[in-house]
Each structure stands twice: as structure tokens, then as C-alpha cells.
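A short worksheet on the structure shown next.
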Amino acid sequence: MPINKDAVGKEWQPVTYEVGLEKIREYARAVGETNPVNLEREAALAAGYRDVVAPPMFCVVYSAPAMGPAVLDPDVGINLAAMVHGSQEFVWGEPVCAGDVITTQPRLADAYEKDGRGFYVFMSESTNQDGALTVRGTWTNIVRVCES
Amino acid sequence: MSELGDLNQGDSLPELRVTPDKYLPHRYAGASGDFNPIHIDPEFAKAVGLPGNILHGLYSMAQVAKAHTDAAGDPRALRRLSVQFRGMGMPEQEIVVTSTVKEADGGRVVTDTEAAQGDNRIIRNAEAELEVQ
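Residue numbers (our numbering), protein chains in the order written: chain A, 1 to 148; chain B, 1001 to 1133.
Written out as C-alpha cells, the structure reads:
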């Protein structure tokens, strides 16, 4: 089964996510974060943040809802049963705090075959309510192919 | 944060060690919204050929991120992190994150970093960039 490159460059509907204080706390606790700026408002304000600040990897919480429809799009044609998350890069901009409204725009940046596997490279750009970039993500999914 | 500026090429950041308990993947699923059954259902995971339910790769990546924000003392310091997911991470096994400085230039530090459970390197070829504000 050859890699379908027709969808390269496709952009999907941006998805907006409103960042709740308790969601940041829930995430911070799940990953074992103990820095008070990620948990307590007073500590975050004292450190110069607008409110409790999300750990950097919280970006997966607010950007994943935008990525789902892209990965599942029949135009891309990923066989989910044969897919693994191969690599990931995030480049961070403005910190994300409780009360922020983040909009994430997904795009298929590349699709290619290498060593009998399909590589699907999705990019995401997330911006806050002021239009400032909070994170740019590169999500590479690898699919076993050539099984036809 | 001042310690970051004192780092030189070849120095190590403090190791991060964490043992995710049996139910950690369930809590991470709730926190992240990723309820893929390979992470939370041991029977499903075995049925698709895995040894058991496996850790979310992005949870392990978060531990690599945490090793760096802990070293810097501030979440703002982490500017970039790129990782490759390779071996599968398992609950109830200790994760060790190790990081070595490969570039240090004033307030900017780049590390080679990885996460392993014993000999199983679950995140490798990873690179992080820290910056003192």
C-alpha cells in the first residue's frame, strides 16, 4: 500500500481550548509535578505568572483535541491499528496559565515512505487569546505498510 | 535558576527517578484525555501482542521535561524538547531520566537526554534546550 501524499499541506479546523485551573492541577499531579507555581495561585503570582502556570508538556492536553481529526481523516488514510507515535517535538513560546484560551491549528506537513514504513508528520501551532504562540508541535506517526 | 548558567559541556543534570504505580496510566489518561485501551486495559493490551498495558509515551516525555524544569527551577526555562519513542514503558518499573550538557552558552543550555527502565531505553535521541530568562 503506497503512501498517499495528496493530503500533504492540508489544514484542519482550528480547535479552541479553555484552560481551567483544576485541569492544570490534575495534569500536574498526574505527572508528579511538585513545583508550587504549577499548583498554587499565590506561588505562581509571586513568580510573576498571571495565574497558576501549566507544566510545559500540558501542551498535549490543549493541542490533542485539534490533532485527533487530522490523524483520523480518511484523506490521510492512516491505518490506526498499525500506527505508533514515533517522535515528538515541542518548541514553547508564551507560558500557558489558568484562564487562557488556546487555539490550535493542525496541518499535515509531510508524508513519506522509508524502510517499508509510512511516516506522517503533523505540525500544530497553538496561540493564546492575545495571539501569542504558546507551542509549536511536530507529531510524527509511523505506520507499518506494504502489507498488501 | 542561577545554577544553569554554571553548567558546562559534559556536565550532567540531576537524574530524575520515578516509579509510576499500577494505576498511573489511568490517572494520566484522565488528565490528558488519551484513553487508548493499550494504556489502561491489560487484557486488551495482551490481545494486541503487548506484554501488558503500557505507559503513555507523552507521560514519559513529561518526565524528561520535568527533569529539565526541575534542574532550571522554573517551567519557563524549557524552550524545546524533541524525543523519539522506542521501547515500551511499563507501569511499576522505575524510570530514570539522564541528561548531559552538549552545548552551554551563557544562559542557553542544550542537553542530550534519555529515559530508561533498566536496559530498556524508552525515550532516546532526545534533545532539550533550556534558557535562563
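Even glycine gets a Cβ: it sits at the ideal position worked out from N, Cα and C.
Helix, strand or coil at residue i [DSSP, three-state]
i	result
A1126 (chain B)	strand
Y27 (chain A)	helix
H1068 (chain B)	helix
I1038 (chain B)	helix
L108 (chain A)	strand
M57 (chain A)	helix
V19 (chain A)	coil
M123 (chain A)	strand
M1088 (chain B)	coil
E42 (chain A)	helix
K1046 (chain B)	helix
M1001 (chain B)	Because the pLDDT at M1001 (chain B) is just 44, under 50, the model does not fix this residue reliably, and the value given afterwards should be weighed accordingly. Here M1001 (chain B) sits in coil by DSSP.
R997 (chain B)	As displayed, chain B neither begins before 1001 nor continues past 1133, which places residue 997 (chain B) out of reach and without an answer.
Q1063 (chain B)	helix
V1096 (chain B)	strand
V135 (chain A)	strand
R1027 (chain B)	helix
L1081 (chain B)	strand
Cutoff 8 Å: residue i Cβ touching any chain B Cβ
i	result
F119 (chain A)	no
P14 (chain A)	no
N79 (chain A)	no
A109 (chain A)	no
A64 (chain A)	yes
W92 (chain A)	yes
N38 (chain A)	yes
E22 (chain A)	no
E11 (chain A)	no
R35 (chain A)	Before going on, a small fix: residue 35 (chain A) reads as Asn here, not Arg. Yes, N35 (chain A) counts as interfacial toward chain B.
M57 (chain A)	yes
V101 (chain A)	no
C-alpha gap between residue i and residue j, whole angstroms
i	j	result
S63 (chain A)	M1061 (chain B)	16 Å
E33 (chain A)	K1066 (chain B)	7 Å
R1086 (chain B)	K114 (chain A)	17 Å
E40 (chain A)	E11 (chain A)	37 Å
P1042 (chain B)	A1115 (chain B)	23 Å
P1020 (chain B)	A109 (chain A)	34 Å
A122 (chain A)	G48 (chain A)	First, the amino acid is wrong: residue 122 (chain A) is Phe here, not Ala. If you take the alpha carbons of F122 (chain A) and G48 (chain A), they lie about 33 Å apart.
D1074 (chain B)	P55 (chain A)	9 Å
E1092 (chain B)	A30 (chain A)	15 Å
I225 (chain A)	V60 (chain A)	Absent from the model: residue 225 (chain A). The displayed extent of chain A is 1 to 148, so no value can be given.
G1010 (chain B)	D1112 (chain B)	10 Å
V8 (chain A)	D75 (chain A)	10 Å
A1077 (chain B)	V1110 (chain B)	12 Å
M1088 (chain B)	L1050 (chain B)	9 Å
S1012 (chain B)	G1005 (chain B)	13 Å
D100 (chain A)	G118 (chain A)	36 Å
P1014 (chain B)	C97 (chain A)	27 Å
Identity of the residue in the options nearest residue i by Cα
i	options	result
Q13 (chain A)	A:H85, A:G131, A:A66 and A:R50	A:A66
H85 (chain A)	A:L21, A:T138 and A:V19	A:T138
F94 (chain A)	B:T1111, B:Y1028 and B:R1080	With the sequence shown as reference, residue 94 (chain A) is identified as Glu, and Phe is not the correct amino acid for it. Closest by alpha carbon: B:R1080.
V1048 (chain B)	A:E18, A:A98, A:L80 and A:V19	A:L80
E163 (chain A)	A:P2, A:F58 and A:A43	Missing from the structure shown is residue 163 (chain A); chain A here goes from 1 to 148 and no further.
Any C-beta of chain A under 8 Å from that of residue i
i	result
R1017 (chain B)	no
Q1084 (chain B)	yes
Y1023 (chain B)	no
A1067 (chain B)	no
M1061 (chain B)	yes
D1105 (chain B)	no
Residue-level contact to chain E via CB, residue i, 8 Å cutoff
i	result
E125 (chain A)	The chain inventory of the structure shown lacks chain E, comprising the protein chains A and B.
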